[in-house]
Structures are given as structure tokens and as C-alpha cells.
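>
Number of protein chains: 2
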Amino acid sequence: MERKKVLIIGGVACGAKTAARLARLAPEFDITVLERGEHLSFAGCGFPYFVGDVVKEYKDLVCTPLGIIRDANFFRTVKNVTVHTGCLATRIDRENRCVTASDASTGEEKNFPYDNLVLATGASPIRPPIPGSDLNRVFTLWTMPDALAMKSALSSGNIKTAVIIGAGLIGMEVVEALAERGVKVSVVDALSTPLPALVGEDFGLRIARAVKAKGVDFFGGEKVTEITGEGGVVTGVRTDRRSLPADMVLLAVGIRPNTSLARDAGLELAPNGTIVVDELMRTSDPSIYAGGDCVQTRHLVTKKPVWQPMGSTANRQGRVIADNIAGLATPFSGVLGTGILKLFNLTIGKTGLDEKQAKEAGFEPVSIVVEEPDRPHFMPGMGAMTIRLVADRLSRRILGAQIMGTGVVDKRLDAMVAAVSSGMTVDLLADGDFAYAPPFSTALDPNTHAANALKNKMDGLVKTYQAKELRERMEGPNPPLLLDVRTPGELDLQGRIPYEFVNIPLGKLRERAGELPRDREIVAFCKISVRGWDALATLKGAGFDDVALLEGGIMAWPYELK
Amino acid sequence: MERKKVLIIGGVACGAKTAARLARLAPEFDITVLERGEHLSFAGCGFPYFVGDVVKEYKDLVCTPLGIIRDANFFRTVKNVTVHTGCLATRIDRENRCVTASDASTGEEKNFPYDNLVLATGASPIRPPIPGSDLNRVFTLWTMPDALAMKSALSSGNIKTAVIIGAGLIGMEVVEALAERGVKVSVVDALSTPLPALVGEDFGLRIARAVKAKGVDFFGGEKVTEITGEGGVVTGVRTDRRSLPADMVLLAVGIRPNTSLARDAGLELAPNGTIVVDELMRTSDPSIYAGGDCVQTRHLVTKKPVWQPMGSTANRQGRVIADNIAGLATPFSGVLGTGILKLFNLTIGKTGLDEKQAKEAGFEPVSIVVEEPDRPHFMPGMGAMTIRLVADRLSRRILGAQIMGTGVVDKRLDAMVAAVSSGMTVDLLADGDFAYAPPFSTALDPNTHAANALKNKMDGLVKTYQAKELRERMEGPNPPLLLDVRTPGELDLQGRIPYEFVNIPLGKLRERAGELPRDREIVAFCKISVRGWDALATLKGAGFDDVALLEGGIMAWPYELK
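Chains A and B are the protein sequences, given in the same order.
Position 532 of the first sequence, counting from 1, maps to 532 under my numbering, and the rest follow consecutively.
All you need for my numbering is the position in the second sequence, starting with 1, plus 562.
1) Compare the Cα-Cα distances from residue 836(B) to each of 842(B), 821(B), 963(B) and 844(B) and report the closest residue.
2) So does the stretch 876-890 of chain B actually touch the stretch 601-609 of chain B, counting three or more Cβ pairs closer than 8 Å?
3) How far does the alpha helix (DSSP H) with residue 538(A) in it extend, from its first residue to its last?
4) Taking only the alpha-carbon atoms, compute the straight-line gap between residue 846(B) and residue 830(B) and give it to the nearest angstrom.
5) With burial defined as no fewer than 16 other Cβ atoms inside 10 Å of the residue's Cβ, what is the status of residue 623(B): buried or exposed?
6) Roughly how far, in whole angstroms, is the beta-carbon of residue 390(A) from the beta-carbon of residue 358(A), given that I think they are within contact range, below 8 Å?
7) Among the residues of its own chain, which have a CB less than 7 Å from the CB of residue 440(A), if the five just before and after it don't count?
8) Residue 467(A) to residue 450(A), Cα distance in whole Å?
9) Please report the Cβ distance between residue 252(A) and residue 166(A), rounded to the nearest whole angstrom; I am assuming they are in contact, meaning their Cβ atoms lie under 8 Å.
10) How is residue 877(B) classed by DSSP in three states: helix, strand or coil?
11) Compute the distance between the beta-carbons of residue 351(A) and residue 417(A), then report whether it is under 9 Å.
12) Beta-carbon within less than 6 Å of residue 241(A)'s beta-carbon, same chain only, minus the 5 sequence neighbours each way: which residues are those?
13) Short of 8 Å in beta carbon distance, which residues of its chain neighbour residue 548(A), apart from the five on each side in sequence? Order them along the chain.
14) Which chain A residues sit within Cβ distance under 7 Å of residue 903(B)?
15) Quick one: grab the DSSP three-state call for residue 611(B).
16) Using CA atoms only, rank isn't needed, just tell me which of 715(B), 870(B), 895(B) and 872(B) is closest to residue 882(B).
17) Measuring from the CB of residue 826(B), is there a heavy atom of the ligand GDP at a distance below 8 Å?
18) Taking the continuous beta strand (DSSP E) assigned at residue 294(A), which residues delimit it?
19) So that I know if they touch, is there some Cβ in chain B lying closer than 9 Å to that of residue 78(A)?
20) Under a three-way DSSP split, which group does residue 984(B) fall into?
21) Can you list the residues of chain B that residue 114(A) reaches, using a CB-CB cut of under 7 Å?
22) Could you please tell me which residues of the stretch 1013-1044 of chain B, in chain order, have their CB closer than 8 Å to any CB of chain A?
23) Against residue 601(B), what residues of chain A qualify as contacts under a CB-to-CB distance less than 7 Å, listed in chain order?
24) The stretch 187-204 of chain A: which residues have C-beta closer than 7 Å to a C-beta of chain B, in chain order?
25) So, are the CB atoms of residue 608(B) and residue 378(A) less than 9 Å apart?
26) Which chain A residues are close to residue 983(B), counting only those with a beta carbon under 9 Å from its beta carbon?
27) Secondary structure at residue 333(A), three-state DSSP: helix, strand or coil?
28) Roughly how many whole angstroms lie between the Cα atoms of residue 1064(B) and residue 1046(B)?
29) DSSP beta-bridge partners for residue 1087(B)?
30) Only counting the same chain, and skipping five residues up and downstream in sequence, which positions put a Cβ closer than 6 Å to that of residue 816(B)?
31) With residue 15(A) as the anchor, note down where its alpha helix (DSSP H) starts and where it stops.
32) Check for me: the beta strand (DSSP E) holding residue 236(A) runs from which residue to which?
33) What is the C-beta distance between residue 986(B) and residue 965(B), in whole angstroms, given that I count them as a contact (C-beta under 8 Å)?
34) Considering Cα atoms alone, identify which of 557(A), 489(A), 282(A) and 444(A) is closest to residue 497(A).
35) According to DSSP, simplified to helix, strand and coil, what is residue 5(A)?
36) Which residues of the stretch 44-70 of chain A have a Cβ closer than 7 Å to any Cβ of chain B? Give them in chain order.
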């Protein structure tokens, strides 16, 4: 019997994973990978750490834990997979099930027949049509040559200033990489706050302040008009508001899927140019599968199409494709839009839906912002985090979370991933039996605190304002009275809310409650609004009816303090 | 209208939480707490860290993050809760809804009427009837006076050797505390391996080796026969097999619930002496609630009664009791038996059911052991972990997990908590959209690797042996041929399996497969059995039919290596 021929175009994340998984499931198949670049199965997500010199050698990004380079020879001897590098697929003949590819060095064309074809053609960084974007030292960071060029420039010692255009995940990871190497970094983005795909404006404002404290300038809501140079080498960036010096520039404004091959072959594409696949990752031609950055996928919660070009998604889809080619009929579960990054001492992440996405998907979202320590205050290394938790009012299902802080954020995020994936209710999360010992958590984990606070709000046990809502109230008619129950020393240390307020430390509130007006709404807060909660109880006990809480207290206040 | 009187007996975890939550929900209630000790709301889980001097001052364990001691005055001014310390409840008069209590210093008796009573009487450490257990410097570690006495003894400089009797959570936490202070520690337990309630024998053997490497001797399967002393002070411990010198002894053999008050009042108790409560935490008298270490609760997966005396459970139950007294009708979700501890550079934890518990509960458990890195090998600080994942064959539901390692274990455990709580299937977990960036995880998280491996096993894609199963096969008739596909250097570094084996590094297997017999089962493995998987594919591709994998490879092998 003829061996089944599986041809895979692309050998980085999805393609390499498909090949490796399939070789294990079906050693009898004839598996071939065509990769246009020189490097296979490299860890592109590691590039910012390579550029930042956390990872010293590029080989670390392309080798196994044992130090063996994952090259064509490795794939041949260990995986029984044939790989052609420097091999650009140029045409798919669907009728004859054959792909034409050309050798990058010789230009020689060759035909590769297939029984199943896998398109793992990935994506490419967008080079916006800005004058000067073709100057030397204007980089993108997507391929191994990109990473090598950028690291080489940095190692030359000539880079004192850098401008990063685009404050998404890659841009902000490189912010840290460059700043830690002593480069003066500025970030420019057309939107007003960093990481807009990950977190809302309130978190974004705090992130901008946090990077400022590390010497990094963030210029939001600005449009880059020109990249200037001298002698063919970049010297600066002009925006519609300022000129910035730059010994190097990183373009990190987004990516587009590599789907011309699919388009030319007549496969169905989505309006954004990604390849349309079904639950089994099959394209509109059932003998052709596609996965990774080049495909449109499905959101696990909304069930709607979504594009989530991430290394983790690509790996998951590679497994699913291999399973299906091997006849296992494994569906792809979908994505949650999970993302995370380390930014200096902060960890910032998101999973599931934010409120806007939840509304668009037809839910009735309720959200809460809480500020929590990640372990008991008596344990060394305690960090803090802000959690915004979103649930559906009717079903009480957890829809998503955004978490940010100096504490162990990734742990809480991954528990939220499991909660959102499985449709957990806010009630079950609030009563979760999470692992507690002092080195790891508080007796009730931050996630359960967030869920409990959200329950309180959903069940009408407490009236709360988020910072933005409170600011609107304070700047509108009949503003409430603000009651800060911190100690005076904390006010000096942590700052004051920029409106008129009354300061009565919680311990004095019972005896001094008579000083407060009974005909006006009172909004209480403290550092993180735990004492604020107690203040509400004290006021209610003293007969005050219209009392509310500022969610997350002063720590979650994203605007200027005074 | 008369204020509703809520009386709470016990002011540590459950009692203090009930009072604090209830004061927020119902400021109009008259809330009183009777605590027999001097300290309220203290962090008992922090005692091992206090004894180990990680926490310097005992005040850190009884104060708020702001440094305010949670004493009776604090509860009065901040929480509007009346607290009587040094006040021992002696009798419940259910008919007249009244509790009699005596003042510890004056002996004076006083009556406390109630509308709702809450029993949060906790538990007490068992002092086994061993001769010598009343000697000086034979400690338990349960109350603040216990902790102060133990720390004072350690600070005297006279403690060179210590014996810990009981290798449960508290015992093993104190192992680290003492060893880090330079004390030579021995642990004695009647069972053969440490932490038997948390992990199975295979993990336990590895834990015993790990503490041995830190200079700690573990003597399993030994019975303590006598604690010896001189001049009233302990000098050693005798077991049925040896004598151990000891300048101090910790008795950590377990606890029993404090329920004589409930028993005398005629409330229903379970056979183990814990108080029986319903889903709303009500005892057999609906005006009396109970929670914390003194009650029997329900397992979330099995729905069967279980006793889980943990600080986190007590806090959760305190909230639920407060809700129900305030009329919110909140059910307690149940427990998963989650536990975690830090032990030197290891983190060890469990949630949900192990295989034995799953079988007893009527499931058909399938388990897998995997060995995984916690982030890419190129990132600094990479750690490893072993995951044992258990699922039900029929429903494919995740039933539980035990995780152990030098890596970030607590994160994977909490994601498993969410997965088990919500009844997630192995398929959904395997395809989880967990947060990936190189500082935090591998592209596919260890949990998803574990789930994928378990799927492979459940779906019959691979035949595997766990270490114990392989050992049985090797010591029975017709043992399989062992194929170690590591490099010779790794064999020297990591050790060799203590049976006859063939060593062919994976990269040579394709060309050398002909050396292997075709009429004998072959079991392949490597360091963590990833290359072992590839070896299976290579062998299958070469026509070998009867091939299997050692789960977790050499790293998960718990027995001696050679």
C-alpha cells in the first residue's frame, strides 16, 4: 500500500507541531514540511528575551532542552519527518493535489504531491507606509533574522535611544528588553493607553505610569508621521505632536495573515484575510487543513469567529490537525483571547471577555474591580494585584478577567482560564477550594475574593462605583460626599483623591459618624476598599442609607492623585 | 425591635470570619464572640513560618496589614462586634437559647442568650499516650502559646536535634523551619512515606529522598514507643527500630474536633466526632450553625461526607454561615481535599480524588504521571514538576491531581482546582487556552500536557506503565525489554534503572532498531519520556508491535536507581 502523503507548508509553531504529533500517531505516513525560512520550530515568543539578552544565544531558541538543534536532520532522524528549508510554496494545484515550491537559493521549482495538505503559513508583521520606514535600524521582530539583526544593533553599543511604534504585546515586551539594556525608550501608539487589546483604559493608565517610573515615555493617541534618518540610518521619529530621537525603531503595529497561497487556490477566506476552517481545522477543501496565525478560529464563550494569532493557539491547533489527519476526529475547543506579559515588575493578563465584548456577544455583563495581596502580609515577597472580573447577570457565568500587578498574577489568570472555559458560575468560584498555605496565597485566594465581591454587587448587597463611574459622578451634578477612611499618614504616602473629601480613619468612624451629612450620598474608600467595606457597615449601622464603595480603593484609582 | 442576637463560640478562623462578614451584611445585629484563648483571628497557618523565623514577630500573625492588632477593641470599634477572650463556653441550653461561659482568670460564670448560635470551636492536637509525652520541650503546634513556646526554645540556642512525630502537613512544614535554623531533624511516621494524605507512595519516596538531601532523616513505618528525658526535659525518642537524640520533639500526629459542647447539647455528631451540618451549615438544631475544624463537610466531587480541617475551609464556611444567618440562603459548595505545602525547594500539592478515592466513590479512574518543565528551557529559573492526573474513564471528567516539583506547582494546582470543581473534561483541559509567555509557561502548559497524555492513554493511542506497574512487570514472569533512549552522559548524570536494559540514544534508534528483538514487549523511556514517545513511534514505524512507555521517565522513577 502507498503511504499516505501529508504535506505541511510552514515549519515553525503549528506546522512543526502537526508534523511531530502526526509522526507519533501515524509513523506509517509520509510527512513532509516545506519551510521558506532557514529555521524550524523556533521559539518566536522568546525573541524579546533574546533581544534583551535574558536569552544569550539564538541557538537556545531553536534547540531541544538537551541542546540538539531542531534542524532538518533532527526531524529526519528523530521524528521521521522530511523537511525542506529555504523552500517557498508558490502554488497549490487542488485538482491534482500537488504543491509547487521553489528553492530560495537556486530558484529551482519542484512539485510535492499530497493526500492531505496543511497550511501553517503564519503571519507577517505590518510595515506601515510611513516615510522612512525602510531606513536602517528600523526593525520588525518576527523572524529569526529580525531578532539577530536587532540584537546585533544593540550589541554594537550605538543604540542610546529607541522608539517603539505600537504598544501591543510585542512592543511592550521589547520596551522592557531595551530599557533593561540601558536604552532610553519611547513608545508611540495611536490609541490612548498601552495594551488596548488586553486591558481597559484604567489598567492602561496605570501601566503608562509604571513604565514612566522606569524611565520609559508613553505617548498615546499620537500618529507617527515620519521616520527621519541620516545617511540611510534612522535618527528619529516624528509624530503629529512631537519629535523623538531614535537610534533604532521597532515597528510593532500588528501582523497580517499569510494567505495569498490559500486565496490563489480558491480557499474560503474571512473578510480579514484569514483562512476559514471548521471545528476540525479543515478549510473549504476537506483535504486541506490550516492552523496557526493564518486561520480564523472560534471563541469558546461567544462561539463567534475570532482571530487569535498566538504561539499557544498555533501549537494547540497543530495537535488538532494531526489528530484529524490520523482519523481521531478531535474538535478544536476554541480560544478565550488569553494573553499575558511581563513588564518590569508587573504581570498583566487577560482571559475571556471584557464588558464591551460581553455586551456585543449578547450577555448582560457585571464587573467588579478588586485590589488584593497575593499572600499574607507577614510573608516575605508579598505582591499585589488588581482583578477585574466579569460575569453574566442572568446565568452568573464567569465571562472573563483582566488581572494586573506585582504579585503572582499568572496563577490567578490560569485559574480563571479554567473557570471561563468550563462555564463556572461566580458562586462556585467564590467558594472555590483553592490551595492555601502562607507561601502561596491568602486563606481565601484573590480570585475568590473577586468573585465574592462580584456576588455582593450582583446580589445588591453593596452599591459600588468603579473609578471612571465615580469620576463622572464627581464631575456631574450633585456629586456624592467622598469619605476616605485611611490614616493621615497613608494619605501622604499613597496620595489623595483629586476631589473634595472628608478623612475619618476607620477606627474613629463610629464615634465621628455624626459629623457626616445624612441627606447626601456617601462614597467610602481606603487603600484597597476593605476598610471601606467596614465603613459602609458602620455607616449603615448608624442609620445612613445612601452609602457606596469605590471599587479597589486608592490603589485601583487610575487617574492622577494629588 | 430587639436586635437579633448572634453568639459565636470561637474567634479564630471560622468564628472571626462569620463575625466580620455578618457585621457587614447586618450591622443591626448584636454579634458576640466568645474565645477561650487570648488571641483572636490569628494566622495559625503561619506558625511554621514564625517558628522558622521567616515571620519575626508574633504580632505579625495577629494584626491587620496596617499593623493594627485584631483584639477585642479592634473588633468593637471597627467591626461593631463584642468579643470576650479568655472566656470558655461550658454549656448550651438549647431550650432557652442560652450559653453559659466561664471567665478563664476569675472563674466567674455568665450567661449569653442567643437567637442564632455559631459553633466554631475548632480542633485540638492529639497527644498520643506515649510515655514521656509530657516532658518539657515536647511540643504541639496549634495555638499561639504553642508557637511562642517552640520559638522561645529554638531561640535559646540549646536545640541541636529535633524529632518530629508525624509526617503530615504541619510536621513537614516544621521540618523545613527547623532545618533552615540549623537543627538536625528526624521525622518518624507510622506510615511508610511522608504526606500520605496528600500524595501516594511514589511521590512520598521522592519526598523522603529530597529531605534526606537537606540532611533530614525520614523513618517511615516506625512506631514511637517512648519519649525519653532527663530532669524533666526531653533527650530522645525511641521507636520500635531505633533511638534518636532529641533536644525537642514535635507531636504532629493529627487533631481531633472540639465537640464536647455540641455533644453535651445533644447535637448530631458524625462517627468521627465532628458536628453534622447541612448544606447551609446548620446543625441538627436549625438555630445553631457550625463551621471550621469541628464540622463534617461534603466532598464536592463525591458528594459524600468528609472532614477537611483547614484554615481556608474554615474561612469559606464562616462566610456561608454569616450569609445564612443574614437570610441569604447560601449553600456551601463542598471541599476538594485541596492541600499544598512548601518543603525546601519543592512544592507539593493535591486537589480532588486520587485513584483509590475515586474507585471508592464509584468512578472508573484512569491516571497518568507526567514530568514537565514549568517554562521554556531557555528562560532563567526553569523548574520541573511531576503531575499525576486522574480522570473518570466514562464521563472523561477530571477527578483530581497531585503535583510536586521545583517549578511553579501552585499555579497548576489552582487551575486543577477550578477544573475539578466545574467538572471539566480531560478533553477541554487538554485544549485549554492557558496564558503563555516565556516567563510564565511553556507554549502548552504542563496541565494541558498532562491532559493530552491522559487522553492518549484513555484513547488507547499508547500503552504505558507507571513506575510501580513496571517494577511489578520486571519482577514477575516474562519481563519486557527496557529501552533507555537517553545519551550515555545522561545515564551517568541521572542514574540507571535497576534492571537490565538496552541503551540506544533516540537519534540512533532508527538505524539500530534491528538490534532489538521482535518477539518481546519493549518499554521505552528517557529522562521525562518525551523522547520515549518518539522512540515508540520509531519502533512502530519499524514494525514493532508490542511497545510501551514508562510514564514520566527516569525523573518520575521513585525507587532507587543504580
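Just so you know, even glycine gets a beta-carbon here, dropped at the ideal spot from N, CA and C.
Judging by the given coordinates:
1) 821(B)
2) no
3) 530-541
4) 6 Å
5) buried
6) 6 Å
7) 375
8) 16 Å
9) 4 Å
10) helix
11) yes
12) 222
13) 462, 463, 464, 465, 480, 521, 522, 523, 524 and 536
14) 437
15) helix
16) 895(B)
17) Although the ligand GDP was asked about, the structure shown includes no ligands whatsoever.
18) Residue 294(A) -> no beta strand (DSSP E), and no H or E assigned at all.
19) yes
20) coil
21) Neighbours of residue 114(A) on chain B: none; closest Cβ ~19 Å, over 7 Å.
22) 1014, 1021 and 1023
23) By Cβ distance, chain A contributes nothing, its closest Cβ being about 14 Å from residue 601(B), past 7 Å.
24) none
25) yes
26) 418, 419, 422, 424, 428, 429, 431, 432 and 433
27) coil
28) 6 Å
29) 1046(B)
30) 688
31) 14-25
32) 233-239
33) With a Cβ gap of about 16 Å, residue 986(B) and residue 965(B) do not count as contacting.
34) 557(A)
35) strand
36) 45, 46, 49, 54, 55, 60, 61 and 65
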